[in-house]
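Residue numbers (the numbering used here), protein chains in the order written: chain A, 6 to 483; chain B, 166 to 327.
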């Protein structure tokens, strides 16, 4: 992160208007994109109705009004609380969320044809989305400066470890589909790992801001790569053990990979040393092999990955997903006209093959491109952010999305072994949706701080927008 | 519903999805170029301001009695150093381009800045590693300071003096 290039021009200490890259607010552009994203979400919903029932769904106005109200509430909050925030993040998220609800609704219709009594997932998904947007607004209103989170470095780390351990407790933890990552409190079930993801990013960022110098500078040089010192290996070993613990005790390959990968990338970004990637990669290889040898769950997954058609009775999920995508072809069957419900969990883990079946490769590439833009905006925020803590958080959150989408898409397309992770904003599942909305709020808060022009000094006081609005709190002392 | 209508809906929807993706990309594009335009505009503004300043040069800003004139370092390795405020805005840091250069391990290369706006003096942290403190609190925004307000940076304490 530090600018080590000797050729870098020496900057004028005064951030005059010539030297600064002035960002505009772009709220109008955000509104324009939001209208398009609503058209994408509601268009999918209407198209599902047309495809399955031959007419636009009867509750179109209720659903459309609800979705529009949620998105507008988020937009107005940004206008008032984070006027300089990135204009592309919210529309992307709104479009993905709308697409997800439409597809879940589509699969609900198919499930209810077989059995009219099954619960409609789309309704609960919409309720979770409402909760997510409310938390999104709460974060933007209550958290005025992301640097305040730095005070909670160790609290966040501790909280994350507790949340990760919760599903292992006998009373509330529950095994679902082989993975022990759920907790049940009365009628509510929750995946605490999704919240832990966010807390871990905050904890890593706070820790690395403090110790990155010692992690970056000391070390031995072996074959063009600076290897870190033995005594600095503590944190990476601790994280490795935690990831391995998740893999062994909770049978959750996906989260294990996600947490360790995120930590490794943040470590690399903070120290600029590829040596950490070498050490981490070696540790990961050892851990993965150990997991493969000990956990039967993992062996099974690898077998289904290498040869799904050799296990037609057990690997139905992968096989059906692959056939579905093949049937969808280049432009898909059309929304509501395929049969994605034949794949188990086609509304959550396998929602991407469902899109592949009904929207084809063209649609899936658009969706993956949307994720790429989301990650790009997060990394862009990290680049322009002025403080190291914000840089690291934005990088970490961007990497979380990138890794999660890679693991899910790679899993369902048989590029890597299948692991149970949710597709952000698309999959049915409340914990994931709510946690991801909070992550987006945090990214917007950081990007607002990063893009907001610094108050200009040494000019007439009446053209000082910086002091007039709430960006600058003038602290009176004495 | 006929095959044709369904086909039209299918392709229409894919077109809409891609329209959204391309619109998002074009907003990213204008975000970059828009920033440059804003910079050029502000350069033009600055030229205008410089012209206006040329006219107004005849009557310099009067320093009133009671206004701070220099910064004094009270404690730390550079104790006793005083720097005139006439060169404001003053950069504080360990770097060679800093107006108030502190030889303190806890100070960043470009640590903080003291600047004036109207009659009021402000101190602003420039994203330093160890922070800038006024009293017990670490400042996160440009913060107003007056005569005798102690600013702590690393092991160094400084204040505005008459």
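Note that beta-carbon positions come from the ideal geometry of N, C-alpha and C, so glycine has one too.
Once you ignore the five residues that flank residue 142 of chain A on each side, which residues in its own chain have a CB closer than 7 Å to its CB?
Result list for residue 142 of chain A: 78, 79 and 82, in chain order.
Quick one: using the 10 Å Cβ neighbour count with 16 as the cut-off for buried, is residue 202 of chain A buried or exposed?
The residue is buried, with at least 16 neighbouring Cβ atoms inside 10 Å.
Between which two residues does the beta strand (DSSP E) carrying residue 324 of chain B extend?
Note, residue 324 of chain B: beta strand (DSSP E), 321 to 326.
Taking residue 104 of chain A as the reference, which of A:364, A:299 and A:138 has the closest Cα?
Ranking the options by Cα distance to residue 104 of chain A, first place goes to A:364.
Can you look up residue 28 of chain A in the DSSP assignment and give me helix, strand or coil?
Correct three-state label for residue 28 of chain A: coil.
Quick check on the burial criterion: 16 or more other C-beta atoms within 10 angstroms. Buried or exposed for residue 202 of chain B?
Per-residue confidence for residue 202 of chain B stands at a pLDDT of 47, beneath the threshold of 50, marking its modelled position as unreliable; the derived number appears in the next sentence. Exposed, by the Cβ-count rule.
According to DSSP, what are the bridge partners of residue 240 of chain B?
Paired residues: B:322.
Drop a sphere of 10 angstroms on the beta-carbon of residue 267 of chain A, count the other beta-carbons inside from all chains shown, and report buried for 16 or more, exposed for fewer.
Classification for residue 267 of chain A: buried.
With a 10 Å radius around its C-beta and 16 neighbouring C-beta atoms as the bar for buried, classify residue 197 of chain B as buried or exposed.
Per the 10 Å Cβ criterion, exposed.
For residue 291 of chain A, list the residues DSSP reports as bridge partners.
Its beta-bridge partners do not exist; DSSP assigns none.
Helix, strand or coil: which one does DSSP assign to residue 308 of chain B?
Here residue 308 of chain B sits in strand by DSSP.
Which class does residue 289 of chain B belong to by DSSP, given the choice of helix, strand or coil?
In the structure shown, residue 289 of chain B sits in a strand (DSSP, three-state: E or B).
Check distances from the C-beta atoms of the region 249 to 265 of chain A to those of chain B and list, in chain order, the residues that come in under 8 Å.
Listed in sequence order: no entries.
Which of the three DSSP states, helix, strand or coil, is assigned to residue 104 of chain A?
Residue 104 of chain A falls in the helix class under three-state DSSP.
Ends of the beta strand (DSSP E) at residue 257 of chain B?
Run containing residue 257 of chain B: 255 to 258, per the beta strand (DSSP E) assignment.
Using the Cα positions of residue 273 of chain A and residue 282 of chain B, report the straight-line distance between them to the nearest angstrom.
Approximately 41 Å between the Cα atoms of the pair.
Compute the distance between the beta-carbons of residue 398 of chain A and residue 144 of chain A, then report whether it is under 8 Å.
Not closer than 8 Å, so no.
Could you check if residue 273 of chain B is buried or exposed, using at least 16 other CB atoms within 10 Å of its CB as the buried criterion?
Burial call: buried.
Could you tell me which of A:309, A:328, A:326 and A:270 sits nearest to residue 319 of chain A, measuring between CA atoms?
The shortest Cα separation from residue 319 of chain A among A:309, A:328, A:326 and A:270 belongs to A:309.
Can you tell me which of the three DSSP states residue 151 of chain A falls into?
If DSSP states are grouped into helix, strand and coil, residue 151 of chain A belongs with the helices.
By DSSP, does residue 495 of chain A sit in helix, in strand, or in coil?
Outside the shown range of chain A (6 to 483) lies residue 495 of chain A, about which nothing can therefore be said.
So with Cβ pairs under 8 Å, would you call residue 186 of chain B a contact of chain A?
Chain A contact via Cβ: present.
Assign residue 227 of chain B to buried or exposed, taking buried as 16 or more other Cβ atoms, counted over all protein chains shown, within 10 Å of its Cβ.
Note on residue 227 of chain B: pLDDT 49, under 50, position unreliable in the model; no value is reported.
Residue 336 of chain A CB to nearest chain B CB: under 8 Å?
Answer yes: the Cβ-Cβ gap between residue 336 of chain A and chain B drops below 8 Å somewhere.
In chain B, what lies closer than 7 Å to residue 45 of chain A by C-beta?
Correct list: 181, 182 and 185.
Is DSSP giving residue 299 of chain B helix, strand or coil here?
Strand.
At a CB-CB cut-off below 7 Å, which residues of chain A make contact with residue 127 of chain B?
This structure cannot speak to residue 127 of chain B, because chain B is shown only from 166 to 327.
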